Each structure stands twice: as structure tokens, then as C-alpha cells.
Amino acid sequence: GEAWEGPQKLRAQNAGAPDAHVLVGDAPGLRGDFRGAAEDYRKAANLAFTEPVGMRMIGALQRSGQAAAAERVLSLFLQQNPRSVPAQLLAAGRMMEQRKWADAVRIYEGLRRRLGDRDAVMLNNLAWAYSEQGDYDRAVPIAAKAWSLDEESPAAADTYGWLLFKSG
């Protein structure tokens, strides 16, 4: 349809512009074609491996069942952009999924030093990672801070309550 033809035309007229490839990649992603989206994002990344391009590409690869490729792109992006907050958050989330608690703590603590204690989700995950290492002395106060930042969050309330219970 017209929604698809517009970005295609824009890309054809601006083949050297990464944003044109991003727009084209967004269209198949909206239709659920994440493999197609990842291919268009790869074209954009070959022109300019920016944070928006990298994060979109990683997401499309994950959603299309290409987890190993997503890991490689994330690793490469972090090598080139080690201070990228979205990429570090994504990497820390991967460490949590893989139960690599010490690695998750390292990444989250680095972000915490840079960003402070303002992100309830990050603090909640950090508290959980500490607790999985058995370090309740660190985990409980961080979970309390996460909950105080977002008392409406079921995840923060659950983590804080569970850590209070487990730590006695």
C-alpha cells in the first residue's frame, strides 16, 4: 500500500542516507516481518552504525528468532559504543536472562555510577542480581529504593517483598 511505497520511494531517492533504510525497515517490522526489517536495518548500519539503527536491528533480529545474530550485533555495537546506555541496559538484561549475575551487577553498577538512582527498573534488576548472588545486604536497600521510585510497579513491589522475606 501507500504506507509501504512512501518509505521505498524515499530510500530510492536517498540510498546513501541511513535514516531512509531505517524508515523502510520500520514498515516490515510494523507488519511483523522482523527478518525483513533486520535486513533493512543492516543496510542502514552499513552506512552508519548509530544507536537507533543498532537497537532496532538487535530488536528485529531477536524478534525474528536470530538470537545469535542479535548477540553478535550487540557485542559489536558495545565494542564501538561502550557508553551507550540503551545497549548497556540490553546487555545487562541478557546477562540476567543467562543467569550471569556478576556480569549483570557489573553493568548495572556502572550505569548506576553514571546515571544515579533514578531508574526503578534498573535498580530492581540490580537488586535481583545481588540477591541471586546471596548478597542481601546490598540487594534489600536497592530494592527499597526501586520500590520508592515506583510504588505502583508490581515488579518492584514483588522484588522488594521477596527480598525482605528471603533475607529474614
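Take 15 as the starting number for the sequence shown in the working numbering and just add one per residue. Glycine included, every Cβ here is placed at the ideal spot set by N, Cα and C. Since we're looking at a predicted model, the values are computed, not measured.
Could you check the C-alpha separation between residue i and residue j for me, to the nearest Å?
i      : j      : result
Met71  : Gly182 : 44 Å
Glu166 : Tyr122 : 22 Å
Asn139 : Gln80  : 25 Å
Pro155 : Arg108 : 24 Å
Ala160 : Ala84  : 29 Å
Arg132 : Met110 : 20 Å
Asp172 : Asp117 : 23 Å
Arg45  : Gly39  : 10 Å
Glu65  : Gln102 : 11 Å
Tyr55  : Leu177 : 41 Å
Pro96  : Gly124 : 11 Å
Arg128 : Pro100 : 13 Å
Trp115 : Gly73  : 23 Å
Phe179 : Arg113 : 21 Å
Val67  : Met136 : 23 Å
With a CB to CB cut of under 8 Å and the five nearest residues on each side skipped, what residues in its chain are close to residue i?
i      : result
Ser89  : none
Val119 : Leu140, Ala143, Tyr144, Gln147
Gln94  : Phe63
Return the chain-ordered list of same chain residues with a C-beta closer than 7 Å to the C-beta of residue i, the five sequence neighbours on each side being excluded.
i      : result
Gly50  : Pro42
Ala158 : Tyr174
Ala105 : Leu88, Leu92, Ile121
Please check the pair residue i and residue j, which I expect to be a contact at CB under 8 Å, by giving their CB distance rounded to whole angstroms.
i     : j     : result
Leu75 : Ala52 : 5 Å
In three-state terms, what does DSSP make of residue i?
i      : result
Ala62  : coil
Asp47  : coil
Ile149 : The identity of residue 149 in the sequence shown is Asp, whereas the question assumes Ile. Here Asp149 sits in coil by DSSP.
Asn139 : helix
Glu53  : helix
Lys114 : coil
Who are the near neighbours of residue i in its chain, counting only those whose CB is closer than 6 Å to its CB and skipping five residues on each side?
i      : result
Ala170 : Ala134, Asn138, Ala160, Trp161, Asp164
Tyr150 : Ser181
Arg77  : Phe48
Ser98  : Glu65
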